[in-house]
Amino acid sequence: ARAAECDTLAKYWVSAPYEAERIGKDGETTTLANLSATLTITSQSGCAFEGINSWTNGQIGGKETVAGIIDSETEITMLELGEPPAGGSTARIDATLETNGLMRWRYTGQGAAADDRWVTVFDADFAPDAAPAVAEKDCLDISGTWKSNATYYYRLYEDGTREKVGPLYNTLTLTMASDCLVSGTNTWDNGVANGTEVVAGVVHANTSRDGPYYTSAATLVEMGGMYVDGRMEVNFDCALDCDTMQLHFIGQGKEGYGVLFDSYLGKGEGPTVAPPDCEWVNNLVGTYTASGFDIFRVPGPPLTDVSMTMEILGRDGCTFWGHAGNIGDGIPGTPLLGLIPWYELDFDLTADGGMNRSTAIVLATASILQIGHVCVNTSAIDADCDVCGEVCLNTSAVVDAQFTLSRFTDEGTVKWHYVGTADDGQNAEVFDAVFAKNSDATAAPTTTPGSDGAAGRSVGFLVALAAAAAAL
457 ARAAECDTLA KYWVSAPYEA ERIGKDGETT TLANLSATLT ITSQSGCAFE
507 GINSWTNGQI GGKETVAGII DSETEITMLE LGEPPAGGST ARIDATLETN
557 GLMRWRYTGQ GAAADDRWVT VFDADFAPDA APAVAEKDCL DISGTWKSNA
607 TYYYRLYEDG TREKVGPLYN TLTLTMASDC LVSGTNTWDN GVANGTEVVA
657 GVVHANTSRD GPYYTSAATL VEMGGMYVDG RMEVNFDCAL DCDTMQLHFI
707 GQGKEGYGVL FDSYLGKGEG PTVAPPDCEW VNNLVGTYTA SGFDIFRVPG
757 PPLTDVSMTM EILGRDGCTF WGHAGNIGDG IPGTPLLGLI PWYELDFDLT
807 ADGGMNRSTA IVLATASILQ IGHVCVNTSA IDADCDVCGE VCLNTSAVVD
857 AQFTLSRFTD EGTVKWHYVG TADDGQNAEV FDAVFAKNSD ATAAPTTTPG
907 SDGAAGRSVG FLVALAAAAA AL
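Positions in the sequence shown are counted from 1; adding 456 to them yields our numbering.
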């Protein structure tokens with residue numbers, strides 16, 4: 457089933473004038489001034505939509521297709537598609553719908569040409585139909601040096617194998633610019649290799665040292681690391697300690713693997729806070745099924761009435777693994793690696809003030825990284841193909857997920873908010889769905905080939921599989 461119903465977005469969103477920063481591979485920063493943009497929503501189905509981002513600074517400009525999903529009543533995720541103009545970037549855009557009717561963008565894009573690489577970042581406000589007034593933004597100052605304690609993490613490979621790596625140490629050295637923009641370096645050492653990467657990003661407006669807890673205080677991206685291209689979600693709980701940063705890292709390796717980890721970084725010195733161990737999330741392993749939802753395709757017609765399964769095969773602390781996107785009988789999905797950065801236990805009280813065990817649930821957010829591919833006959837995607845042969849497609853998606861799990865039984869659900877792109881960067885798939893945990897004995901998870909380090913493959917392409925199932 458679809459995870460939520462969403463209001464129809466306004467057709468035109470016009471930005472206030474804004475500045476962007478373009479940070480080169482040597483760390484040199486160029487300010488791009490007098491920019492403006494218009495987001496045109498060209499189609500919407502439920503919470504998924506397609507649009508055109510048109511931008512200019514009065515001298516040069518461009519247009520990029522975007523595919524997006526409304527993650528909640530206020531949060532939106534968009535991906536730019538296609539080849540950007542010379543000097544441009546392709547980005548993931550994190551946006552929020554504000555109570556004053558504005559849409560606020562946090563843009564973190566990466567670009568490359570020949571031997572050059574760069575990151576483009578900006579923070580901008582959009583309003584329906586006409587540009588809003590330029591507003592002052594109150595941003596938490598995260599400049600300085602931030603050091604982590606030892607962190608251990610997993611790599612997930614395309615064949616479903618995984619390996620544990622560490623100890624990893626990170627040092628972020630950050631400088632704040634005007635308009636909530638930040639840049640600097642990430643110096644790391646995992647005991648086998650080490651390096652320093654240029655990073656840049658956006659501190660989310662209206663996050664201040666005097667404010668409450670913010671689920672996302674900043675978003676950073678790496679320039680393009682030696683081994684991994686990383687994206688970092690930074691959180692603070694200033695009500696407790698504004699000098700401790702929670703870093704949620706999502707990375708795609710250059711040799712066909714993915715990386716997820718959480719760590720705490722202290723300002724100046726290492727933190728005194730240990731990452732959570734997810735001890736309450738003890739009912740995570742199992743098989744989850746979603747059915748009756750649509751996959752919004754950009755470009756192309758939607759895939760309708762899709763059914764899909766996800767298997768979680770194991771957990772180590774807050775990290776879990778398995779495979780997802782299984783459709784029909786014998787059609788495998790992509791290997792997955794997941795990480796829970798936040799969870800809480802919720803329950804009602806009994807008459808004597810104790811825990812009502814029947815109402816106890818664990819609420820958890822997670823990032824699920826999919827990586828892999830599947831080769832299918834063209835007829836599985838296009839039943840009317842004139843020349844049918846083998847076609848191989850790729851996707852590596854990061855799924856934003858929310859788990860609701862019974863604390864003391866084997867029941868639970870997980871909501872997926874999915875925006876993924878094919879390997880050519882030209883096509884996207886967007887959907888939201890609710891997966892219910894199967895509690896009967898026949899739904900026990902099976903072993904993913906290669907998941908225990910043995911030979912084997914468990915690979916897949918989400919939309920190709922969905923299309924294959926639709927054609928069956």
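Don't be surprised by glycine CBs; every beta carbon is placed ideally from N, CA and C.
For Val659, the enclosing beta strand (DSSP E) begins and ends at Asn650 to Val659. Excluding the 5 residues flanking it on each side, Lys620 has same chain C-beta neighbours closer than 7 Å at Tyr608 and Tyr610, in chain order.
Every beta strand (DSSP E) stretch that sits fully inside the stretch 463-496 and reaches 3 residues is listed by chain position as 468-471 and 474-480.
Our two residues, Leu495 and Val659, have alpha carbons roughly 22 Å apart in a direct line. For the pair Cys774 and Pro727, the CB atoms are not nearer than the 9 Å cut-off. A direct Cα-to-Cα measurement between Gln702 and Asn691 gives close to 5 Å. Nearest Cα to Ala589 within the set Gln858, Asp693, Gln515 and Arg560: Arg560. The continuous beta strand (DSSP E) containing Pro797 extends over residues Thr790 to Asp802. Per DSSP, reduced to three states, the secondary structure at Ser599 is coil, with no helix or strand assignment. Here the alpha carbon of Ile824 sits roughly 21 Å from the alpha carbon of Val522. The three-state reading of DSSP puts Ser763 in strand, counting E and B together. For Ala569, the uninterrupted beta strand (DSSP E) segment begins and ends at Met559 to Ala569. In this structure, DSSP gives Cys698 an extended state, which the three-state scheme calls strand.
DSSP places Arg573 inside the beta strand (DSSP E), whose first and last residues are Asp572 to Pro584.
In terms of CA proximity to Asp866, Asn738 leads the group Thr790, Asn738 and Val854. With a 10 Å radius around the Cβ and a threshold of 16 neighbouring Cβ atoms, Gly742 comes out buried. Taking C-beta atoms under 8 Å as the contact rule, Glu678 and Val655 qualify, at a distance of about 5 Å.
With 16 or more other Cβ atoms from the protein chains shown falling within 10 Å of its own Cβ, Val638 counts as buried. Short of 7 Å from the beta carbon of Gln500, and not among the five residues preceding or following it, lie these beta carbons of its own chain, in chain order: Thr464 and Leu465. In this structure, the alpha-carbon of Thr486 lies about 41 Å from that of Glu461. Taking C-alpha positions only, Tyr720 is separated from Asp597 by approximately 17 Å. Put simply, the backbone Cα of Tyr799 is about 10 Å away from that of Glu735. The secondary-structure analysis by DSSP pairs Leu624 across a beta bridge with Thr607. Excluding five sequence positions before and after Arg771, the CB atoms of its chain that fall closer than 7 Å to its own CB belong to Leu740 and Val741, given in chain order. Boundaries of the beta strand (DSSP E) harbouring Gly524: Gly517 to Ile526, taken from the DSSP string. Between Cys503 and Asp761, the C-beta spacing is not below 9 Å.
With a contact defined as Cβ atoms closer than 8 Å, Asn490 and Asn513 qualify at about 5 Å. Residue burial annotation: Asp482 is exposed, with fewer than 16 other C-beta atoms found within 10 angstroms of its C-beta.
Using a 10 angstroms sphere on the CB of Gln515, the tally of other CB atoms stays under 16, which defines it as exposed.
The C-beta of Ala570 has fewer than 16 other C-beta atoms within 10 Å across all chains shown, which makes the residue exposed. Sequence-distant partners of Ala822 (beyond 5 residues in either direction) whose C-beta falls short of 6 Å from its own C-beta, in its chain, are Gly794, Ile796 and Ala857.
Annotation for Ser492: Ser471 and Pro473 place their beta carbon closer than 6 Å to its own, counting only its chain and skipping 5 residues before and after.
Here Gly544 is not near Gly507, since their CB atoms are 9 Å or more apart. Rounded to the nearest whole angstrom, the C-alpha separation of Ile526 and Ile532 is 4 Å.
Gly622 and Gly647 do touch by the CB rule: their CB atoms are close to 7 Å apart, below 8 Å.
If the five residues before and after Gly686 are omitted, its C-beta is found closer than 6 Å to the C-beta atoms of Glu678, Phe705 and Gly707, all from its own chain and listed in chain order.
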